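K.L.:
Take a look at this one; I'll ask things after.
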Amino acid sequence: MPDFNLIALVPEILLLMLACGVLLADAMLRKEDRHWVETLSLISVLVVLGALLWQAGGPAQTAFGGTFVVDALAAVLKITAALALFVALIYARRYNTERPVPRGEFQVIALFALLGQMVMISAANLLVMYLGLELMSLSLYALAAMRRDDRSASEAAMKYFVLGALASGFMLYGMSMLYGASGSLDLSDIALVSRAEQDKTFLVFGLVFIVGGLAFKFGAVPFHMWVPDVYQGTPTGATLLIATGPKLASFALAYRLLVEGLPGVVLDWQHMMLILAGLSLAFGILIAIAQTNLKRMLAYSGIAQVGFVLLGLIAGMVDGSFQLAPLAYGASMFYILTYVLTTLGTFGLIALMARSGFECEQIEDLKGLHRRSPWMALVMLALMFSLAGVPPTVGFYAKLIVLEAVVLAGYLWVAVFAVMMSLVGAFYYLRVVKTMYFDGPVDLSTPEPATDARLVLGINGAAVLVLGVLPGPLLTLCVEAIQLSMVAR
Amino acid sequence: MDSNDLLSAAIWIPIAFGLVLLALGNDRSPGVIRGIALVGALIGFLVTLPIVARFDPSTAEMQFVERRVWIDLLDAYYHLGVDGISVWFVVLTAFITVIVVIAGWEVIEENVAAYMASFLMLSGLMVGVFTAMDGLLFYVFFEATLIPMYVIIGVWGGPRRVYAAFKFFLYTLAGSLLTLVALIYLYLSAGSFAIADWHALPLTMQEQLLIFLALFAAFAVKVPMWPVHTWLPDAHVEAPTGGSVVLAAIMLKLGAYGFLRFSLPIAPDASHELGWLVIGLSLTAVVYIGLVALVQSDMKKLVAYSSVAHMGFVTLGFFMFNNLGMQGAIIQMISHGFISGALFLCIGVLYDRMHSRDIGAYGGVVNTMPKFAAFFLFFSMANAGLPATSGFVGEFMVILGAVSFNPWTAFAAAVTMVLGAAYSLWMYKRVAFGPVANAEVAALRDLNAREFIMLSLLAIVTLWMGVQPKPFTDLTETSVDALLQHVSVSKIK
Chain W
10 MPDFNLIALV PEILLLMLAC GVLLADAMLR KEDRHWVETL SLISVLVVLG
60 ALLWQAGGPA QTAFGGTFVV DALAAVLKIT AALALFVALI YARRYNTERP
110 VPRGEFQVIA LFALLGQMVM ISAANLLVMY LGLELMSLSL YALAAMRRDD
160 RSASEAAMKY FVLGALASGF MLYGMSMLYG ASGSLDLSDI ALVSRAEQDK
210 TFLVFGLVFI VGGLAFKFGA VPFHMWVPDV YQGTPTGATL LIATGPKLAS
260 FALAYRLLVE GLPGVVLDWQ HMMLILAGLS LAFGILIAIA QTNLKRMLAY
310 SGIAQVGFVL LGLIAGMVDG SFQLAPLAYG ASMFYILTYV LTTLGTFGLI
360 ALMARSGFEC EQIEDLKGLH RRSPWMALVM LALMFSLAGV PPTVGFYAKL
410 IVLEAVVLAG YLWVAVFAVM MSLVGAFYYL RVVKTMYFDG PVDLSTPEPA
460 TDARLVLGIN GAAVLVLGVL PGPLLTLCVE AIQLSMVAR
Chain B
131 MDSNDLLSAA IWIPIAFGLV LLALGNDRSP GVIRGIALVG ALIGFLVTLP
181 IVARFDPSTA EMQFVERRVW IDLLDAYYHL GVDGISVWFV VLTAFITVIV
231 VIAGWEVIEE NVAAYMASFL MLSGLMVGVF TAMDGLLFYV FFEATLIPMY
281 VIIGVWGGPR RVYAAFKFFL YTLAGSLLTL VALIYLYLSA GSFAIADWHA
331 LPLTMQEQLL IFLALFAAFA VKVPMWPVHT WLPDAHVEAP TGGSVVLAAI
381 MLKLGAYGFL RFSLPIAPDA SHELGWLVIG LSLTAVVYIG LVALVQSDMK
431 KLVAYSSVAH MGFVTLGFFM FNNLGMQGAI IQMISHGFIS GALFLCIGVL
481 YDRMHSRDIG AYGGVVNTMP KFAAFFLFFS MANAGLPATS GFVGEFMVIL
531 GAVSFNPWTA FAAAVTMVLG AAYSLWMYKR VAFGPVANAE VAALRDLNAR
581 EFIMLSLLAI VTLWMGVQPK PFTDLTETSV DALLQHVSVS KIK
């Protein structure tokens, strides 16, 4: 008789109920009252956030016979994912109202995507993991396809769907190999098998597909093809959701599968990660230089940023010891959190700059922003320098700690390579700043976002700077979360 | 105010004023903005005065030390302090900021708040560079200075400002990213970010050489040394007057200061080993760049090249490893801050009136602007190293140091006296003397009260330092001795 321990699932259950409630409300409300759906969904996210915070105060626990874990890592990532959704929904609000996006559906599907992410983050069993992954992915495909009358959006959604399904297939195939090798779906059993002294060809064979699937979800080179097209093609409101939460969930997935599930073949996946990271850095950065479309540029820059996240994953095991693992994986986690923070800001700003009938898509569209809206330009400046990794922004510490972990693991030349690449990358972030500050405005209209969006964007920009001055607490939180989760295993 | 918080005050007061200005940011009431900026700069300057007044010159220890945990995971501390090497630069930075705020008073009419805020924040960050005793803190301040300067050059600069701003940023970033790797390596070897620990850390020769070169990449670009100096003429020419002043007066010193605080004491053996290289590059800068300065037709470019030549003198002084050379180099750094700043202000005065920096567009300025011509002459002479100005003291000390190091080096270094006089005075002659060149020159107005005040402030300190350099050298002496003592001991593992 497995223990159900439903207490561990309170946030997920609440979210499911609330999402259904929002769905019902959307169906019942009259057309002129539909704006309540948005408020309701925001309240739902807040309630879930409250439940997550309440749960984070308690001890680590498991549910359904150990297939679902609630540990420090899960708490941090879930809270971030819920916060990110909250912020994204506020940014996307007016953007969606001014476009033919079905409003109720957008909110409901976004909530389901969050549910999928939360399940993924907590999964300690291949089946649960896949369940969460598909719930999230299908929701995101639907979000991307929401503007079905728009050609580029439909094209992007199609690509996203086909390639995403391919990735899921990869992942599933890999999972079946792991099952075949270990005879169990539980990560803890697979970990035991991977540690045992025996022929691991079968396991490594499965691992290749797992890493391929993960790389797809992260958007790492050479599995990155979908990223630029999807970021560019989907309406910005959906891009906000695609570019943030899923990265957190992918990180959790990578951590659970590779670190918790396959510690015995760590050398194999570290080498794969090294190649993926190196390629992502090089290609992401070099191709981003050639972009004139802002969203596409950010997509390539995101690929490069993922390269840094993966760099942290190669530095966990040194000379057969996992002693440095909390620092290395904590560095990756810190990186992904700061990446989500800055990405929310950048795509949020793009959504807020758009008006009805006008998309802020080209870098050119930001021309002279500092005359049109000095504070928005300042926020974007902080975000760009954060992505470039220039202090005093949080992006600098993210790069610093990843590089530290990499040097500590003995990959000094990898660190030098990453540093040189980020120098090249600085160019296109500087170009955005140049467009905003040095070029004269073409159209003199002042973007006037709604008060709540304005407030949130301000906080978002300030967070990048405040964390850039005092990164200590968040850094410690990330490392300790990994430490606690590793101990709990 | 408690003397323990003086350094923090010197850093954060200007930055806080800068943030207030950004928050107020609009062009509706530029007068108020300028007033607030001036108040901020003045308070920032006033808090640095007690640092000098209460500075104890008898010890090489850090003074006014502040130490708080900053990032506990990385063992990084918010650790500030000054010694004889850095104390004058704190004052210099705050002083130049006051001058720059005055210099931009009526000249900048658009985005006044952002302009003033950039300079105030830059000032606080640069004081941070000079006072940080923690490697990570140093790096954060060092890099953060790039952002306001990038914006200053790009927004208020001349026609090729975008090119100049990118070149400035990417050149400097290229150097400092390599330094970052070196800093991480030092952190992992020493187990802390404290610069003092790094000084004590024994390193093998190979480690020292690599670290020295990685640090060299950042500091040589910043100084700038030949052949990585090419960003400087572009940045100077395109930057607004205030930007040029801060660049020449303080930002270049960040690199030179980095040599003293990092390269020499952390990698002393490598410094001795590669001393010939630095001296060679420095002498090239002195002689070759001096000649390059001679043929410039753009006044700002001429002063920019002269800056490179003078900074070559500074690095030359460092790597001769004797007290005279090093102290002379530090004096030269301070003095160059005043003189090159003043020269850029003089050019700014002309540019504001005629919107040309071309020497050929001028002639006979002395007839229409006698007061200005007097100042311009004084600073040109000082730039050439005229005795009784601060320019003479530093150069003379470095040359004396060079004589005891190697007479041929001294000979090559002394060429600067000739070349410096040639390019400075020839420029002055073409701009100021002769008949009035054209109608525009004939219509020039002489200095107004604001310009008069800012130039006379600089003239006073230049003269003071030239006549009475002892107060300056008194403060630096003990620390320089201690540094030389430290560098003379091998720390090979």
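Chains as they are written, first to last, in my numbering: chain W, 10 to 498; chain B, 131 to 623. Beta carbons are placed, not taken as given, at the ideal position from N, Cα and C, and that holds for glycine. These figures come from a predicted structure and were not determined experimentally.
1) Apart from the five residues on each side of it in sequence, which residues of its chain come closer than 6 Å, Cβ to Cβ, to Ser-248 (chain B)?
2) CB-CB under 7 Å to Leu-587 (chain B), same chain, minus the five flanking residues each way: which ones, in chain order?
3) Find out if the Cβ-Cβ distance for the pair Val-239 (chain W), Ala-122 (chain W) is shorter than 8 Å.
4) Let me check one thing: in DSSP terms, what residues is Asn-134 (chain W) bridge-paired to?
5) Which runs of the alpha helix (DSSP H), 4 residues or longer, sit entirely within the stretch 386–414 of chain B?
6) I'd like to know if Arg-291 (chain B) contacts chain W, where contact means its C-beta is closer than 8 Å to some C-beta of that chain.
7) Using a C-beta cutoff of 8 Å, does Met-10 (chain W) count as contacting chain B?
8) Determine the burial state of Ile-52 (chain W): buried for a count of at least 16 other Cβ atoms within 10 Å of its Cβ, exposed for fewer.
9) Just to confirm, is the Cβ distance from Arg-380 (chain W) to Ser-454 (chain W) under 8 Å?
10) Do Gly-125 (chain W) and the ligand MN come close, with the Cβ less than 7 Å from some heavy atom?
11) With DSSP collapsed to three states, give me the class of Tyr-492 (chain B).
12) Verify the CB distance criterion: does Met-131 (chain B) have a CB-CB separation below 8 Å to chain W?
13) Name the chain W residues that come within less than 7 Å of Phe-349 (chain B), Cβ to Cβ?
14) For Ile-314 (chain B), go through chain W and note every residue whose CB falls closer than 8 Å to its CB, in chain order.
15) Taking only the alpha-carbon atoms, compute the straight-line gap between Gly-471 (chain B) and Gln-279 (chain W) and give it to the nearest angstrom.
16) Can you tell me which of the three DSSP states Tyr-500 (chain W) falls into?
17) With distances taken between CB atoms, is the gap from Ile-145 (chain B) to Leu-210 (chain B) smaller than 8 Å?
18) Taking Cβ-Cβ distances shorter than 9 Å, what residues in chain B pair up with Thr-485 (chain W)?
19) In whole angstroms, what is the alpha-carbon distance linking Gly-449 (chain W) and Leu-378 (chain W)?
20) CB-CB under 7 Å to His-329 (chain B), same chain, minus the five flanking residues each way: which ones, in chain order?
21) Can you give the beta carbon distance from Ala-397 (chain W) to Gly-434 (chain W), rounded, assuming they're within the 8 Å contact cut?
22) Can you list, in chain order, the residues of its chain with a C-beta nearer than 6 Å to that of Arg-103 (chain W)? Leave out the 5 residues immediately preceding and following it.
23) Answer with buried or exposed for Leu-179 (chain B), where buried requires no fewer than 16 other C-beta atoms within 10 angstroms of its C-beta.
24) Could you tell me whether the Cβ of Val-327 (chain W) comes closer than 8 Å to any Cβ of chain B?
25) Could you check whether the Cβ of Val-270 (chain B) sits closer than 8 Å to any Cβ belonging to chain W?
26) Compare the C-alpha of Ile-477 (chain B) against each of B:Ser-374, B:Pro-354 and B:Val-311 and name the closest.
27) For a cutoff of 8 Å on Cβ pairs, would you count Pro-401 (chain W) as touching chain B?
28) Give the range of the alpha helix (DSSP H) segment to which Glu-570 (chain B) is assigned.
29) Just curious, the beta strand (DSSP E) that Gln-193 (chain B) is in, first and last residue?
30) In chain order, what residues of the same chain have a beta carbon less than 6 Å from the beta carbon of Ile-341 (chain B), not counting five sequence neighbours either side?
31) Alpha carbon to alpha carbon, what distance is there between Ala-91 (chain W) and Asp-461 (chain W)?
32) On a Cα-Cα basis, can you pick out the residue from B:Tyr-207, B:Tyr-315, B:Gly-287 and B:Ser-216 that is closest to Gln-193 (chain B)?
33) Do the stretch 204–221 of chain W and the stretch 240–260 of chain W touch if we need at least three Cβ pairs shorter than 8 Å?
34) In whole angstroms, give me the CA-to-CA distance for Ala-471 (chain W) and Thr-351 (chain W).
35) Please report how far the alpha carbon of Val-85 (chain W) lies from the alpha carbon of Asp-159 (chain W), in whole angstroms.
36) Look up Thr-71 (chain W) in the DSSP assignment and give the residues it is bridged to.
P.N.:
According to the data block:
1) Within the same chain, and ignoring the five residues on either side of Ser-248 (chain B) in sequence, the residues whose Cβ sits closer than 6 Å to its Cβ are Pro-278, Val-281 and Ile-282.
2) Ile-229
3) no
4) W:Asp-195
5) 398–403 and 405–414
6) yes
7) Interpretation of Met-10 (chain W) is limited by its pLDDT of 44, a score under 50 that renders its predicted location unreliable; the figure taken from the coordinates is listed afterwards. Closer than 8 Å: no.
8) Under the 10 Å beta carbon count, Ile-52 (chain W) is surrounded by fewer than 16 other beta carbons and is classified as exposed.
9) no
10) Looking for the ligand MN in the displayed structure turns up nothing, as the structure carries no ligands at all.
11) coil
12) In this predicted model, Met-131 (chain B) has a pLDDT of only 46, less than 50, meaning its place in the structure is not dependable; the value taken from the coordinates is given anyway. Taking a beta-carbon distance threshold of 8 Å, Met-131 (chain B) does not count as an interface residue toward chain W.
13) In chain order: nothing, as chain W lies at least about 17 Å away.
14) Leu-409, Leu-412, Glu-413, Val-416 and Ala-424
15) 54 Å
16) The structure shown does not extend to residue 500 (chain W), since chain W spans only 10 to 498, so no value can be given for it.
17) no
18) Ile-201, Asp-202 and Leu-203
19) 8 Å
20) Pro-395, Ile-396 and His-616
21) 6 Å
22) Ala-459
23) exposed
24) Nearest CB-CB separation between Val-327 (chain W) and chain B: not below the 8 Å threshold.
25) yes
26) B:Ser-374
27) yes
28) 569–572
29) 193–201
30) Ala-312 and Ala-397
31) Taken atom to atom, the span from the alpha-carbon of Asp-461 (chain W) to that of Ala-91 (chain W) is near 18 Å.
32) Considering only B:Tyr-207, B:Tyr-315, B:Gly-287 and B:Ser-216, the residue with the shortest C-alpha distance to Gln-193 (chain B) is B:Ser-216.
33) Cβ pair count under 8 Å is below three, so no.
34) Cα to Cα, the separation comes out at about 11 Å.
35) 37 Å
36) W:Val-78
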